[in-house]
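UniProt numbering puts the first residue of the sequence shown at 1, with every later residue one more than the last.
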Amino acid sequence: MLKRVIYVPFLIGMAQLPVISKAQLTKEKSEKRIVINSNTIRVADLLGIFARETNLEFSFNSKKLRPSKIITVAHHEQTLSAWLKELEQSTGIHVKVKGDHIILQDTPPAVNAGEPDRGLIAENKGNSAKGADGKKARKNVVAGNAITADKDNLSTGNVAEAANEKDIANHATAADTPATKGIAEHGSNTDSVEKGNLSAEKNNTASKNKGDIKNETSLSDILREVLSKGELRRMPAHELPAPDKHISLAAHKMVVYPKDTTDAVTATVAVADSIRKEAPSLRTVTRLDLGLQGVGISIELPVSRKYSLEFSGGLGGGYDLSDGSFSYDWGLLNPCAYLSVNGRYYYNRDKRALKGKSLLLNAGDYFGVRLKYTSTEITGGGSMSDAVLTNIHWGMQRPIGRKWIINGHAGIGWAYNAVNSIDPSGGKVYPAAEFKISYALNRKRRL
(Lines of atoms letter the chains of each structure in order from A; the text may use other names.)
(Lines give C-alpha, C1' and ligand atoms only; values in the text may rest on other atoms or scores of the structure.)
Protein backbone atom coordinates (compact mmCIF):
# COMPACT_ATOMS: atom_id res chain seq x y z
CA MET A 1 0.00 0.00 0.00
CA LEU A 2 2.86 2.38 0.82
CA LYS A 3 4.47 1.77 -2.58
CA ARG A 4 1.18 2.47 -4.28
CA VAL A 5 0.75 5.71 -2.35
CA ILE A 6 4.18 6.93 -3.53
CA TYR A 7 4.30 5.44 -7.08
CA VAL A 8 0.90 6.49 -8.42
CA PRO A 9 1.30 10.25 -7.73
CA PHE A 10 4.76 10.08 -9.27
CA LEU A 11 3.34 8.67 -12.52
CA ILE A 12 0.60 11.30 -12.59
CA GLY A 13 3.14 14.09 -12.18
CA MET A 14 5.34 12.72 -14.96
CA ALA A 15 2.38 12.37 -17.33
CA GLN A 16 1.38 15.98 -16.78
CA LEU A 17 4.70 17.41 -18.03
CA PRO A 18 4.30 19.23 -21.39
CA VAL A 19 5.47 17.36 -24.50
CA ILE A 20 7.99 19.30 -26.64
CA SER A 21 8.82 18.10 -30.17
CA LYS A 22 12.47 17.50 -30.98
CA ALA A 23 11.94 19.10 -34.41
CA GLN A 24 10.68 22.41 -33.06
CA LEU A 25 11.04 25.53 -35.19
CA THR A 26 14.28 27.03 -33.90
CA LYS A 27 14.93 30.65 -33.15
CA GLU A 28 17.64 30.75 -35.79
CA LYS A 29 15.22 29.70 -38.56
CA SER A 30 12.42 32.02 -37.42
CA GLU A 31 14.80 35.00 -37.41
CA LYS A 32 16.33 34.09 -40.78
CA ARG A 33 16.25 37.22 -42.96
CA ILE A 34 14.93 36.62 -46.47
CA VAL A 35 15.09 39.12 -49.36
CA ILE A 36 12.53 39.22 -52.21
CA ASN A 37 13.39 41.68 -55.00
CA SER A 38 9.95 41.76 -56.56
CA ASN A 39 6.77 43.77 -56.11
CA THR A 40 4.52 40.76 -56.75
CA ILE A 41 5.09 37.02 -56.37
CA ARG A 42 3.15 33.75 -56.53
CA VAL A 43 2.45 32.08 -53.20
CA ALA A 44 4.08 28.85 -54.43
CA ASP A 45 7.26 30.72 -55.43
CA LEU A 46 7.35 32.54 -52.09
CA LEU A 47 7.06 29.30 -50.12
CA GLY A 48 9.70 27.74 -52.36
CA ILE A 49 12.11 30.52 -51.38
CA PHE A 50 11.25 30.02 -47.69
CA ALA A 51 11.86 26.28 -47.97
CA ARG A 52 15.20 26.77 -49.73
CA GLU A 53 16.46 29.38 -47.28
CA THR A 54 15.37 27.65 -44.03
CA ASN A 55 15.14 23.93 -44.91
CA LEU A 56 11.55 23.89 -43.62
CA GLU A 57 8.61 22.03 -45.17
CA PHE A 58 5.44 23.85 -46.25
CA SER A 59 2.02 22.29 -46.91
CA PHE A 60 -1.40 23.51 -48.07
CA ASN A 61 -4.60 22.54 -46.26
CA SER A 62 -6.71 25.35 -47.67
CA LYS A 63 -9.51 25.75 -50.20
CA LYS A 64 -9.59 29.55 -50.41
CA LEU A 65 -5.86 30.09 -51.07
CA ARG A 66 -4.35 28.59 -54.21
CA PRO A 67 -0.57 28.18 -54.69
CA SER A 68 -0.85 30.10 -57.99
CA LYS A 69 -2.30 33.23 -56.32
CA ILE A 70 -0.18 36.35 -56.87
CA ILE A 71 0.30 38.55 -53.79
CA THR A 72 1.86 41.98 -53.33
CA VAL A 73 5.18 42.24 -51.50
CA ALA A 74 5.08 45.13 -49.03
CA HIS A 75 8.51 44.64 -47.45
CA HIS A 76 11.34 43.21 -49.50
CA GLU A 77 13.61 42.14 -46.62
CA GLN A 78 12.38 40.73 -43.30
CA THR A 79 12.55 37.66 -41.09
CA LEU A 80 10.69 34.42 -41.74
CA SER A 81 8.42 35.20 -38.78
CA ALA A 82 7.53 38.60 -40.26
CA TRP A 83 6.98 37.08 -43.71
CA LEU A 84 4.52 34.54 -42.31
CA LYS A 85 2.69 37.25 -40.37
CA GLU A 86 2.43 39.39 -43.52
CA LEU A 87 1.15 36.35 -45.44
CA GLU A 88 -1.58 35.88 -42.82
CA GLN A 89 -2.63 39.54 -42.98
CA SER A 90 -2.62 39.80 -46.79
CA THR A 91 -4.41 36.54 -47.62
CA GLY A 92 -6.55 35.84 -44.54
CA ILE A 93 -4.94 32.42 -44.23
CA HIS A 94 -3.82 30.94 -40.91
CA VAL A 95 -0.36 29.51 -40.28
CA LYS A 96 0.06 26.36 -38.24
CA VAL A 97 3.49 25.27 -37.01
CA LYS A 98 4.45 21.72 -36.11
CA GLY A 99 8.15 21.24 -35.67
CA ASP A 100 9.88 21.79 -39.01
CA HIS A 101 6.53 21.67 -40.83
CA ILE A 102 4.48 24.82 -41.54
CA ILE A 103 0.87 24.35 -42.68
CA LEU A 104 -1.36 26.96 -44.37
CA GLN A 105 -5.01 26.36 -43.45
CA ASP A 106 -8.36 28.14 -43.50
CA THR A 107 -9.21 27.85 -39.79
CA PRO A 108 -7.17 29.36 -36.95
CA PRO A 109 -5.07 26.82 -35.02
CA ALA A 110 -6.09 25.80 -31.51
CA VAL A 111 -3.67 26.72 -28.69
CA ASN A 112 -2.64 23.50 -26.93
CA ALA A 113 0.64 24.53 -25.30
CA GLY A 114 -0.26 23.20 -21.83
CA GLU A 115 -2.50 20.36 -22.98
CA PRO A 116 -1.54 16.83 -21.78
CA ASP A 117 -1.18 14.09 -24.35
CA ARG A 118 -4.00 11.79 -25.44
CA GLY A 119 -2.75 8.88 -23.33
CA LEU A 120 -2.99 11.00 -20.19
CA ILE A 121 -6.51 12.11 -21.14
CA ALA A 122 -7.55 8.49 -21.54
CA GLU A 123 -5.96 7.62 -18.18
CA ASN A 124 -7.74 10.49 -16.45
CA LYS A 125 -11.04 9.40 -17.98
CA GLY A 126 -10.43 5.89 -16.67
CA ASN A 127 -9.57 7.22 -13.23
CA SER A 128 -12.71 9.38 -13.24
CA ALA A 129 -14.82 6.34 -14.08
CA LYS A 130 -13.15 4.37 -11.29
CA GLY A 131 -13.71 7.28 -8.92
CA ALA A 132 -17.39 7.42 -9.83
CA ASP A 133 -17.74 3.69 -9.17
CA GLY A 134 -15.92 4.03 -5.84
CA LYS A 135 -18.08 6.97 -4.85
CA LYS A 136 -21.21 5.01 -5.64
CA ALA A 137 -19.94 2.05 -3.62
CA ARG A 138 -19.04 4.34 -0.72
CA LYS A 139 -22.52 5.82 -0.72
CA ASN A 140 -24.01 2.37 -0.73
CA VAL A 141 -21.80 1.31 2.21
CA VAL A 142 -22.65 4.40 4.24
CA ALA A 143 -26.31 4.07 3.35
CA GLY A 144 -26.21 0.41 4.37
CA ASN A 145 -24.63 1.29 7.70
CA ALA A 146 -27.25 3.94 8.28
CA ILE A 147 -30.06 1.49 7.54
CA THR A 148 -28.49 -1.13 9.78
CA ALA A 149 -28.08 1.43 12.53
CA ASP A 150 -31.69 2.46 12.12
CA LYS A 151 -32.89 -1.10 12.36
CA ASP A 152 -30.75 -1.79 15.43
CA ASN A 153 -31.84 1.35 17.17
CA LEU A 154 -35.49 0.85 16.30
CA SER A 155 -35.35 -2.71 17.52
CA THR A 156 -34.04 -1.52 20.88
CA GLY A 157 -36.46 1.36 20.99
CA ASN A 158 -33.84 4.10 20.77
CA VAL A 159 -35.67 6.20 18.20
CA ALA A 160 -33.87 9.44 19.00
CA GLU A 161 -30.44 7.84 18.76
CA ALA A 162 -31.37 6.26 15.43
CA ALA A 163 -32.29 9.67 14.03
CA ASN A 164 -29.02 11.15 15.24
CA GLU A 165 -26.97 8.34 13.71
CA LYS A 166 -28.83 8.70 10.41
CA ASP A 167 -27.98 12.42 10.27
CA ILE A 168 -24.37 11.65 11.06
CA ALA A 169 -24.28 9.06 8.25
CA ASN A 170 -25.74 11.53 5.74
CA HIS A 171 -23.21 14.20 6.71
CA ALA A 172 -20.45 11.64 6.36
CA THR A 173 -21.67 10.79 2.88
CA ALA A 174 -21.63 14.43 1.76
CA ALA A 175 -18.34 15.20 3.45
CA ASP A 176 -16.53 12.05 2.43
CA THR A 177 -17.35 12.26 -1.30
CA PRO A 178 -13.98 13.86 -2.37
CA ALA A 179 -12.12 11.58 -0.01
CA THR A 180 -13.98 8.57 -1.37
CA LYS A 181 -13.00 9.57 -4.91
CA GLY A 182 -9.39 9.90 -3.81
CA ILE A 183 -9.47 6.48 -2.11
CA ALA A 184 -10.96 4.86 -5.22
CA GLU A 185 -8.29 6.38 -7.43
CA HIS A 186 -5.19 6.11 -5.27
CA GLY A 187 -6.07 3.93 -2.29
CA SER A 188 -6.13 6.50 0.53
CA ASN A 189 -7.05 10.08 1.50
CA THR A 190 -3.35 10.88 1.61
CA ASP A 191 -3.16 10.30 -2.17
CA SER A 192 -5.92 12.88 -2.73
CA VAL A 193 -4.00 15.52 -0.81
CA GLU A 194 -0.79 14.76 -2.69
CA LYS A 195 -2.71 14.86 -5.98
CA GLY A 196 -3.88 18.38 -5.19
CA ASN A 197 -0.32 19.47 -4.53
CA LEU A 198 0.86 17.86 -7.78
CA SER A 199 -1.94 19.62 -9.71
CA ALA A 200 -0.70 22.98 -8.49
CA GLU A 201 2.86 22.07 -9.45
CA LYS A 202 1.58 20.90 -12.87
CA ASN A 203 -0.02 24.28 -13.58
CA ASN A 204 3.16 26.13 -12.63
CA THR A 205 5.32 23.80 -14.75
CA ALA A 206 2.97 24.10 -17.77
CA SER A 207 2.96 27.90 -17.57
CA LYS A 208 6.75 27.98 -17.32
CA ASN A 209 7.23 25.57 -20.24
CA LYS A 210 4.71 27.48 -22.34
CA GLY A 211 6.74 30.63 -21.86
CA ASP A 212 9.95 28.78 -22.72
CA ILE A 213 8.40 27.45 -25.93
CA LYS A 214 7.21 30.89 -26.96
CA ASN A 215 10.64 32.41 -26.33
CA GLU A 216 12.38 29.58 -28.15
CA THR A 217 10.30 29.77 -31.32
CA SER A 218 10.45 33.59 -31.38
CA LEU A 219 7.52 33.75 -33.81
CA SER A 220 4.68 36.26 -33.98
CA ASP A 221 1.83 36.14 -31.47
CA ILE A 222 -0.41 34.56 -34.08
CA LEU A 223 1.93 31.59 -34.55
CA ARG A 224 2.13 29.03 -31.76
CA GLU A 225 3.27 25.51 -31.20
CA VAL A 226 0.28 23.22 -31.87
CA LEU A 227 -0.27 19.54 -32.51
CA SER A 228 -1.45 18.47 -35.95
CA LYS A 229 -4.91 16.86 -35.77
CA GLY A 230 -5.72 16.56 -39.48
CA GLU A 231 -4.17 15.06 -42.55
CA LEU A 232 -1.69 17.26 -44.35
CA ARG A 233 -2.11 18.00 -48.03
CA ARG A 234 1.32 18.37 -49.58
CA MET A 235 1.91 21.10 -52.11
CA PRO A 236 1.66 19.66 -55.68
CA ALA A 237 5.03 19.26 -57.37
CA HIS A 238 3.98 21.32 -60.42
CA GLU A 239 3.18 24.30 -58.16
CA LEU A 240 6.70 24.47 -56.77
CA PRO A 241 9.11 26.83 -58.58
CA ALA A 242 11.74 25.24 -60.77
CA PRO A 243 15.21 25.20 -59.14
CA ASP A 244 16.80 27.85 -61.37
CA LYS A 245 13.92 29.08 -63.52
CA HIS A 246 12.89 32.16 -61.54
CA ILE A 247 15.31 32.26 -58.61
CA SER A 248 19.06 32.78 -58.52
CA LEU A 249 20.96 32.64 -55.23
CA ALA A 250 24.08 34.76 -54.74
CA ALA A 251 26.94 33.87 -52.41
CA HIS A 252 25.42 36.00 -49.63
CA LYS A 253 22.09 34.11 -49.82
CA MET A 254 20.19 37.01 -51.40
CA VAL A 255 17.25 35.91 -53.52
CA VAL A 256 17.05 37.70 -56.89
CA TYR A 257 13.61 37.51 -58.51
CA PRO A 258 12.80 39.04 -61.93
CA LYS A 259 10.68 42.17 -61.57
CA ASP A 260 8.60 41.65 -64.69
CA THR A 261 8.32 37.91 -65.19
CA THR A 262 5.12 38.18 -67.23
CA ASP A 263 6.68 40.44 -69.88
CA ALA A 264 9.77 38.25 -70.04
CA VAL A 265 7.68 35.14 -70.58
CA THR A 266 5.58 36.91 -73.23
CA ALA A 267 8.70 38.06 -75.08
CA THR A 268 10.14 34.55 -74.92
CA VAL A 269 6.94 33.08 -76.33
CA ALA A 270 6.87 35.68 -79.12
CA VAL A 271 10.46 34.88 -80.07
CA ALA A 272 9.71 31.17 -79.97
CA ASP A 273 6.66 31.68 -82.22
CA SER A 274 8.66 33.67 -84.73
CA ILE A 275 11.36 31.02 -84.85
CA ARG A 276 8.84 28.24 -85.11
CA LYS A 277 6.98 29.98 -88.00
CA GLU A 278 10.06 30.79 -90.05
CA ALA A 279 9.52 30.11 -93.73
CA PRO A 280 11.06 26.90 -95.08
CA SER A 281 13.82 27.02 -97.68
CA LEU A 282 13.02 27.40 -101.35
CA ARG A 283 12.57 24.21 -103.38
CA THR A 284 13.56 23.17 -106.88
CA VAL A 285 10.52 23.47 -109.16
CA THR A 286 10.31 22.42 -112.84
CA ARG A 287 7.46 24.03 -114.82
CA LEU A 288 5.72 24.17 -118.19
CA ASP A 289 5.05 27.85 -118.99
CA LEU A 290 2.42 29.63 -121.07
CA GLY A 291 2.46 33.42 -121.11
CA LEU A 292 3.22 36.65 -122.92
CA GLN A 293 6.73 35.53 -123.78
CA GLY A 294 5.52 32.29 -125.36
CA VAL A 295 5.47 28.59 -124.56
CA GLY A 296 8.42 27.00 -122.82
CA ILE A 297 9.89 25.10 -119.94
CA SER A 298 11.66 26.49 -116.89
CA ILE A 299 13.43 25.29 -113.78
CA GLU A 300 13.88 27.31 -110.58
CA LEU A 301 16.90 26.36 -108.46
CA PRO A 302 17.34 27.63 -104.88
CA VAL A 303 20.69 29.28 -104.13
CA SER A 304 19.95 29.95 -100.44
CA ARG A 305 16.91 30.18 -98.21
CA LYS A 306 15.68 33.37 -99.95
CA TYR A 307 17.55 33.47 -103.29
CA SER A 308 16.93 31.46 -106.46
CA LEU A 309 17.89 31.29 -110.14
CA GLU A 310 15.35 30.52 -112.89
CA PHE A 311 16.49 29.16 -116.26
CA SER A 312 13.91 29.07 -119.05
CA GLY A 313 13.67 28.52 -122.77
CA GLY A 314 11.01 28.13 -125.45
CA LEU A 315 9.27 29.59 -128.48
CA GLY A 316 7.43 32.87 -128.59
CA GLY A 317 7.48 36.46 -129.76
CA GLY A 318 10.46 38.46 -131.00
CA TYR A 319 11.71 42.04 -130.98
CA ASP A 320 12.30 44.44 -133.89
CA LEU A 321 15.16 46.78 -133.00
CA SER A 322 16.09 47.97 -136.50
CA ASP A 323 16.47 51.66 -137.36
CA GLY A 324 16.15 52.74 -133.71
CA SER A 325 12.65 51.31 -133.34
CA PHE A 326 11.43 48.91 -130.65
CA SER A 327 8.49 46.57 -131.14
CA TYR A 328 7.38 43.16 -129.96
CA ASP A 329 5.53 40.73 -132.22
CA TRP A 330 4.51 37.12 -131.82
CA GLY A 331 3.59 35.16 -134.90
CA LEU A 332 2.08 31.83 -133.96
CA LEU A 333 3.14 30.21 -137.22
CA ASN A 334 6.55 31.85 -137.32
CA PRO A 335 7.81 32.08 -133.70
CA CYS A 336 11.17 33.10 -132.33
CA ALA A 337 13.28 31.13 -129.84
CA TYR A 338 14.19 32.60 -126.47
CA LEU A 339 16.51 31.83 -123.55
CA SER A 340 16.56 33.66 -120.24
CA VAL A 341 18.14 33.68 -116.77
CA ASN A 342 16.27 35.30 -113.90
CA GLY A 343 17.71 35.92 -110.43
CA ARG A 344 15.18 36.42 -107.61
CA TYR A 345 15.24 37.57 -103.98
CA TYR A 346 12.09 36.58 -102.00
CA TYR A 347 11.66 39.11 -99.21
CA ASN A 348 8.30 38.30 -97.57
CA ARG A 349 8.12 34.54 -97.14
CA ASP A 350 8.74 34.75 -93.36
CA LYS A 351 5.87 37.21 -93.00
CA ARG A 352 3.60 34.91 -95.00
CA ALA A 353 4.57 32.03 -92.74
CA LEU A 354 3.77 34.10 -89.64
CA LYS A 355 0.33 34.91 -91.08
CA GLY A 356 -0.29 31.28 -92.00
CA LYS A 357 -0.35 31.87 -95.77
CA SER A 358 0.69 29.26 -98.32
CA LEU A 359 4.37 28.88 -99.21
CA LEU A 360 3.82 26.07 -101.72
CA LEU A 361 5.75 26.14 -105.02
CA ASN A 362 8.05 28.96 -103.80
CA ALA A 363 5.16 31.37 -103.28
CA GLY A 364 6.08 34.94 -102.34
CA ASP A 365 6.96 38.43 -103.51
CA TYR A 366 10.40 39.10 -104.95
CA PHE A 367 12.80 41.51 -106.58
CA GLY A 368 14.52 40.20 -109.72
CA VAL A 369 17.13 40.81 -112.41
CA ARG A 370 16.64 39.19 -115.84
CA LEU A 371 18.85 38.57 -118.83
CA LYS A 372 17.06 37.39 -122.01
CA TYR A 373 17.98 36.55 -125.58
CA THR A 374 15.51 36.25 -128.50
CA SER A 375 16.37 35.09 -132.00
CA THR A 376 14.94 35.93 -135.38
CA GLU A 377 12.08 33.87 -136.77
CA ILE A 378 12.98 30.19 -136.89
CA THR A 379 11.69 29.95 -140.48
CA GLY A 380 13.58 33.08 -141.58
CA GLY A 381 12.45 35.89 -143.81
CA GLY A 382 10.97 38.01 -141.03
CA SER A 383 11.72 41.42 -139.55
CA MET A 384 12.69 40.27 -136.05
CA SER A 385 16.18 40.98 -134.74
CA ASP A 386 18.60 39.07 -132.56
CA ALA A 387 17.95 40.98 -129.35
CA VAL A 388 19.49 41.02 -125.89
CA LEU A 389 17.36 42.39 -123.08
CA THR A 390 18.10 43.01 -119.41
CA ASN A 391 15.76 44.42 -116.79
CA ILE A 392 15.11 44.84 -113.09
CA HIS A 393 11.62 44.19 -111.80
CA TRP A 394 9.30 43.47 -108.88
CA GLY A 395 7.19 40.34 -109.11
CA MET A 396 4.92 37.95 -107.28
CA GLN A 397 4.35 34.22 -107.50
CA ARG A 398 1.30 32.38 -106.13
CA PRO A 399 0.14 28.75 -106.15
CA ILE A 400 -3.26 27.67 -107.46
CA GLY A 401 -4.01 24.35 -105.86
CA ARG A 402 -1.14 21.88 -105.58
CA LYS A 403 0.29 22.02 -109.11
CA TRP A 404 -0.57 25.31 -110.83
CA ILE A 405 1.29 28.63 -110.49
CA ILE A 406 0.65 32.20 -111.63
CA ASN A 407 3.58 34.59 -111.96
CA GLY A 408 3.88 38.19 -113.05
CA HIS A 409 6.42 40.98 -112.84
CA ALA A 410 6.82 44.62 -113.87
CA GLY A 411 9.90 46.81 -114.16
CA ILE A 412 12.18 48.66 -116.54
CA GLY A 413 14.90 47.41 -118.89
CA TRP A 414 17.39 48.00 -121.66
CA ALA A 415 17.22 46.23 -125.05
CA TYR A 416 19.65 46.30 -127.98
CA ASN A 417 20.21 44.64 -131.36
CA ALA A 418 22.91 41.98 -131.25
CA VAL A 419 23.26 41.22 -134.98
CA ASN A 420 26.76 39.88 -135.72
CA SER A 421 28.09 41.43 -132.49
CA ILE A 422 27.61 41.41 -128.73
CA ASP A 423 28.14 45.15 -128.56
CA PRO A 424 25.01 47.18 -127.99
CA SER A 425 23.74 48.92 -131.08
CA GLY A 426 20.63 51.03 -131.17
CA GLY A 427 19.71 50.27 -127.56
CA LYS A 428 16.32 51.25 -126.22
CA VAL A 429 14.78 51.61 -122.76
CA TYR A 430 11.60 49.59 -122.54
CA PRO A 431 8.94 48.76 -119.94
CA ALA A 432 9.43 45.20 -118.74
CA ALA A 433 6.23 43.28 -118.03
CA GLU A 434 5.34 39.63 -118.00
CA PHE A 435 2.51 37.33 -116.97
CA LYS A 436 2.44 33.55 -117.25
CA ILE A 437 0.64 30.46 -115.98
CA SER A 438 2.73 27.40 -115.19
CA TYR A 439 2.19 23.76 -114.35
CA ALA A 440 4.62 22.12 -111.90
CA LEU A 441 6.14 18.85 -113.08
CA ASN A 442 7.43 17.85 -109.62
CA ARG A 443 5.85 15.02 -107.70
CA LYS A 444 3.45 16.21 -105.01
CA ARG A 445 5.49 14.86 -102.13
CA ARG A 446 8.49 16.92 -103.31
CA LEU A 447 6.67 20.26 -103.55
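For glycine and all other residues, C-beta sits at the position ideal for the given N, C-alpha and C. Since this is a predicted model, take the numbers as computed values, not measurements.
Based on the DSSP output, what are the partners of residue 409 in its beta bridges?
Under DSSP, the beta-bridge partners assigned to residue 409 are 395, 434.
Could you check the C-alpha separation between residue 306 and residue 282 for me, to the nearest Å?
Distance between the alpha carbons of residue 306 and residue 282 is about 7 Å.
Buried versus exposed, by CB contacts within 10 Å (16 or more), residue 280
Flag for residue 280 reads exposed.
Using only CA atoms, which one of 300, 31, 302 lies nearest to residue 80?
Measuring C-alpha to C-alpha distances from residue 80 to each of 300, 31, 302 identifies 31 as the nearest.
Under a three-way DSSP split, which group does residue 330 fall into?
Residue 330 falls in the coil class under three-state DSSP.
Inter-residue Cα distance where the pair is residue 325 and residue 354
Residue 325 and residue 354 have their alpha carbons spaced roughly 48 Å apart.
Exposed or buried, residue 75, counting other C-beta atoms within 10 Å across all chains shown (16 or more means buried)?
Residue environment: residue 75 is assigned as exposed (fewer than 16 neighbouring CB atoms within 10 Å of its CB, all protein chains considered).
For residue 467, the three-state DSSP class (helix, strand or coil)
Because the chain here runs from 1 to 447, residue 467 falls outside it and cannot be looked at.
Per the DSSP calculation, residue 287 is bridged to which residue(s)?
DSSP output for residue 287 lists 298, 440 as bridge partner(s).
Helix, strand or coil at residue 99 [DSSP, three-state]:
DSSP places residue 99 in the coil class of the three-state scheme, outside both helix and strand.
Quick one: is residue 429 buried, meaning 16 or more other Cβ sit within 10 Å of its Cβ, or exposed?
By the neighbour-count rule (16 or more Cβ atoms within 10 Å), residue 429 is not buried but exposed.
Buried/exposed call for residue 311, threshold 16 Cβ in 10 Å:
Per the 10 Å Cβ criterion, exposed.
Rank 410, 287, 395, 433 by C-alpha distance to the C-alpha of residue 443 and give the top, closest one.
Measuring from the Cα of residue 443, the nearest candidate turns out to be 287.
Can you list, in chain order, the residues of its chain with a C-beta nearer than 8 Å to that of residue 91? Leave out the 5 residues immediately preceding and following it.
Closer than 8 Å at Cβ, skipping near neighbours: 43, 65, 69, 71.
Leaving out five residues before and five after residue 378 in sequence, what residues of the same chain have Cβ atoms less than 8 Å from its Cβ?
Contacts found: 315, 334, 335, 336, 337.
Taking the runs of the beta strand (DSSP E) that are 3 residues or longer, which of them lie wholly in the region 344-390?
The region 344-390 contains these whole beta strand (DSSP E) runs: 364-377.
Since residue 278 is in the alpha helix (DSSP H), which residue starts that stretch and which ends it?
Careful: residue 278 lies outside any alpha helix (DSSP H) and carries neither H nor E.
Tell me the DSSP secondary structure of residue 56 in three-state form.
Coil, per DSSP.
May I have the straight-line CA-CA distance separating residue 313 from residue 365, to the nearest angstrom?
Using only the alpha carbons, I get a separation of about 23 Å.
Residue from 431, 406, 328 whose Cα sits closest to the Cα of residue 412
It is 431 whose Cα lies nearest to the Cα of residue 412.
Could you work out which residue in 95, 35, 53, 343 is closest to residue 29 when comparing CA atoms only?
Residue 53 holds the alpha-carbon nearest to the alpha-carbon of residue 29 among 95, 35, 53, 343.
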